[in-house]
Amino acid sequence: MPRPSALPGFILRESRQGCDSAPGSEMSYPGYPPTGYPPFPGYPPAGQESSFPASGQYPYPSGFPPMGGNAYPPAPSGSYPGAGGYPAPGGYPAAGGYPVTPHPGGAPAYPAGQGFGAPPGGAGFSGYPQPPAQSYGGGPAQVPVPGGFPGGQVPSQYPGGQAPYPSQPAVMTQGTQGTIRPASNFDAMRDAEILRKAMKGFGTDEQAIVDVVSSRSNDQRQQIKAAFKTMYGKDLIKDLKSELSGNMEELILALFMPSTYYDAWSLRKAMQGAGTQERVLIEILCTRTNQEIRDIVRCYQSEFGRDLEKDIKSDTSGHFERLLVSMCQGNRDESQSVNYQMAQDDAQRLYQAGEGKLGTDESCFNMILATRSFPQLKATMEAYSRMANRDLLSSVSREFSGYVESGLKTILQCALNRPAFFAERLYCSMKGAGTDDSTLVRIVVTRSEIDLVQIKQMFTQMYQKTLSTMIASDTSGDYRKLLLAIVGQ
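Structure (structure tokens):
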């Protein structure tokens, strides 16, 4: 596949970030860091631009779908699971749903912390809506403090006169938008009948399946499954599995899994069997909201009878293990206000923990990147650039390696622009020989009701081609039809 040309300010490296070599070397984000920095001689070392290793497709867990019983527990509508959208620990899923492996003590209880739940109606940060404001460290929400800058003013210009990230389309500053929205005039029984007819008799009417599945929200798909079992006494997922195969089967089944279950299932498969798919752990745990992570932890316990944190500890090690364990807590500050003095102080601490000393104080990086809100981290990155004359992403690359480097950089990239992070991951899943279909399916499905519209916009801006164009050239058949129907043109 030809290498895309770069717009001014875009730096594309030959290696596929997160795709076909060792972890760690990501494409520099367009326009970041600010221009005007002196080059650092000999960095990065030639041949060491690295990324996540490729992973094979993983099979579906045994026992999926459930034999008999009711449908999966309904997922709440909307971009984020609202508080109370899932039953309390121990009550998920509904009786008769997925078989639950008994486990002493059940799922751990989590505090109902104030501020967890549905996103606010106001504008999001960096094109990504954050959950409601929550104070940091249990105290009152932080307020901007301009102290620490020359003249007591927050600078309006960055070195070189360029903002640390490309300007985003106006729509991106007004919250996010999925390509799939709940269908109006929805009739679960009518859709169940359409799917039944599409699978009955000789052959399968894949187009009818594509038309229904691609235009219904996840919550509506759960209702279709329940209606199908009520009307025909058969399990819709089992019937679909018998009619489909390969990537089309994986995509259909992913669409019919409740969103929280799909994340929990993906994490379980990433750590099951020989080897660990570390990049899947990074992609999910470093990008989800507090409420999403807490729901995933509970679902992982109830569905698989296992403790997610214990599984992470047994499958990872060192500083990468500690970062993922921190992510599992779902305790990141999620307030929208920014304390600029704290940003200045954190930037100084990070510099002294890395570039400013021999060796690296990894715990300092872990503490700041795992606890600060994404708006706060963005301000810290800007303060770091002004203070160190080098961007924080490149400093992380110099101080860390392997998967902990990739995890830390994922957090920083999400602080800058979360849709851009997923756009980059999608590009890497299709760039070069072969396609990482599991990553392609996972991102398209999980972001389809949250911010896939913004991801498409960033994809076009970063690679000068549309996401649908690249999908069309890398996939085929009904699998391609369904992906394009979800993504849209």
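Add 772 to a position in the sequence shown, counting from 1, and you land on the number used in our numbering. For glycine and all other residues, C-beta sits at the position ideal for the given N, C-alpha and C.
- For residue 1148, is the classification buried or exposed, using 16 other Cβ atoms within 10 angstroms of its Cβ as the cut-off for buried? buried
- Nearest-angstrom Cα separation, counted from residue 1092 out to residue 1003: 49 Å
- Message: What does the alpha-carbon distance come out to for the pair residue 1089 and residue 1233?
- Response: 37 Å
- Cβ-Cβ distance between residue 1080 and residue 1100 below 7 Å: yes
- Task: Please confirm if the stretch 1016-1035 is in contact with the stretch 1242-1255, defined as three or more CB-CB distances below 8 Å between the two stretches.
- Result: yes
- Message: Tell me whether the stretch 994-1012 and the stretch 1045-1064 touch, counting them as touching only if at least three CB pairs, one residue from each stretch, are closer than 8 Å.
- Response: no
- Query: If you draw a straight line from the C-alpha of residue 1220 to the C-alpha of residue 1131, how long is it?
  - Reply: 42 Å
- For residue 1118, does the three-state DSSP call read helix, strand or coil? helix
- According to the neighbour-count rule (16 or more other Cβ atoms, all chains shown, within 10 Å of its Cβ), is residue 1245 buried or exposed? exposed
- Query: If you follow the alpha helix (DSSP H) that residue 1244 is part of, which residue opens it and which one closes it?
  - Reply: 1239-1246
- Query: Under three-state DSSP, which class holds residue 1100?
  - Reply: helix
- Message: Which of the three DSSP states is assigned to residue 1207 in this structure?
- Response: coil
- Residue environment, residue 1111, which counts as buried when at least 16 other CB atoms sit within 10 Å: buried
- Task: Compute the distance between the beta-carbons of residue 1175 and residue 1050, then report whether it is under 7 Å.
- Result: yes
- Message: By the three-class DSSP mapping on this structure, what secondary structure does residue 1080 have?
- Response: helix
- Is the distance from the Cβ of residue 1168 to the Cβ of residue 1150 below 7 Å? no
- Item | Nearest candidate by alpha-carbon position, reference residue 1161, set 1128, 1256 and 1201 | 1128
- Item | Buried or exposed (CB count within 10 angstroms, at least 16 for buried), residue 960 | buried
- Query: Would you report the Cα separation of residue 987 and residue 979, rounded to the nearest angstrom?
  - Reply: 12 Å
- Item | Range of the contiguous alpha helix (DSSP H) that encloses residue 1136 | 1134-1143
- Task: Output the boundary residues of the alpha helix (DSSP H) element that contains residue 1059.
- Result: No alpha helix (DSSP H) holds residue 1059; DSSP gives it neither H nor E.
- Item | Contacts around residue 1094, its chain only, beta-carbon distance under 7 Å, and the 5 residues preceding and following it disregarded | 1138
- Query: Taking residue 1186 as the reference, which of 1055, 1083 and 1242 has the closest Cα?
  - Reply: 1055
- Message: Measuring alpha carbon to alpha carbon, tell me which residue in 1179, 1126, 953 and 983 is nearest residue 754.
- Response: Missing from the structure shown is residue 754; the chain here goes from 773 to 1261 and no further.
- Message: If you follow the alpha helix (DSSP H) that residue 1035 is in, where does it begin and where does it stop?
- Response: 1031-1043
- Beta-carbon contacts of residue 929 that lie in its chain and below 6 Å, excluding the five residues immediately before and after: Bear in mind that the predicted position of residue 929 carries a pLDDT of just 35, short of 50, making it too unreliable to give a figure here.
- Pick out whichever of 952, 1087, 1152 and 1106 has its Cα sitting closest to the Cα of residue 1188. 1152
- Query: Could you give the uninterrupted runs of the alpha helix (DSSP H) lying entirely in the stretch 968-1025, keeping only those of 4 residues or more?
  - Reply: 978-985, 990-1004 and 1008-1015
- Message: Is there a C-beta anywhere in chain B that falls below 7 Å from the one on residue 1124?
- Response: In the structure shown, chain B does not exist; there is a single protein chain.
- Message: Below 8 Å on the Cβ atoms is my contact criterion, and I expect residue 1198 with residue 982 to pass it. Report the Cβ-Cβ distance as a whole number of Å.
- Response: Contact flag wrong, Cβ pair sits at about 20 Å.
- Where the alpha helix (DSSP H) containing residue 1110 begins and where it ends: Premise fails: residue 1110 is in no alpha helix (DSSP H) and is neither H nor E.
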